[in-house]
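Numbering (the numbering used here), first residue to last: 67 to 302. Every residue gets a Cβ at the ideal spot worked out from N, C-alpha and C, and that includes glycine.
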């Protein structure tokens with residue numbers, strides 16, 4: 067993954083994506099400038115914003131590697147560098163494969179440094195540093211909805227399916243995570259009904275369309291499942 071980093075993003079130009087704060091940019095650039103972070107890629111909501119795929123504000127920075135030993139090394143190096151910049155760093159959670167840090171300077175940010183599966187597609191460079199390819203970011207966001215079905219996951223995926231075919235995203239999700247299951251994914255999407263409108267970080271005018279979209283997707287998957295089951299019975 068290190069070869070995909072390209073030139074260092076340190077201090078290059080001005081961050082242009084409206085939902086990225088100056089502090090987020092400073093933290094990302096500091097992290098990816100460190101030698102110990104050479105195997106890491108930016109993921110999650112901030113990576114989506116960096117590629118202009120969503121405008122939803124986020125308070126997290128997710129950095130993933132497929133090399134288990136690099137998590138602790140990167141975390142320690144980043145903590146030292148952050149303290150040198152006179153930022154406050156609190157260790158919220160820590161293990162060999164996952165470290166969560168709360169970083170405070172002119173603003174505050176949660177930094178998750180974690181072990182994850184290697185990229186399916188060649189990584190790319192963003193204004194914040196190296197990331198998973200945009201399409202893979204979308205597939206991984208689909209997996210995030212599958213795993214946890216948080217309000218922000220629905221909003222992000224609602225934006226992302228405008229760029230890629232959702233069947234292709236589900237196929238890539240299954241390639242990334244062999245535990246992905248279409249029926250369980252449909253169940254996860256039904257969790258949208260648990261959330262009040264005010265829980266979902268999207269403009270009120272877009273809420274009816276968002277809810278309608280996911281309800282229709284669940285129905286489509288159910289119909290496809292029934293058709294497949296019927297075909298199997300006819301073939302047997």
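Among the bridge pairs identified by DSSP, residue 178 is matched with 128, 166.
Note on geometry: alpha-carbon atoms of residue 106 and residue 206 lie some 16 Å from one another. Here residue 90 carries a helix assignment [DSSP, helix/strand/coil]. Straight-line spacing of the CA atoms in residue 270 and residue 102 works out to 43 Å. The region 129 to 163 contains, as complete beta strand (DSSP E) runs of 3+ residues, the segments 154 to 160 (chain order). In the same chain as residue 157, and ignoring 5 residues on each side of it, the C-beta atoms closer than 7 Å to its own belong to 167, in chain order. Residue burial annotation: residue 260 is exposed, with fewer than 16 other C-beta atoms found within 10 angstroms of its C-beta. Our two residues, residue 114 and residue 108, have alpha carbons roughly 9 Å apart in a direct line. Remark: C-beta atoms of residue 222 and residue 111 approach each other more closely than 8 Å. Residue 229 counts as exposed, since fewer than 16 other C-beta atoms from the protein chains shown sit within 10 angstroms of its C-beta. DSSP, read as helix, strand or coil, puts residue 216 in coil. When secondary structure is reduced to three states using DSSP, residue 244 falls in the coil class, being assigned neither helix nor strand.
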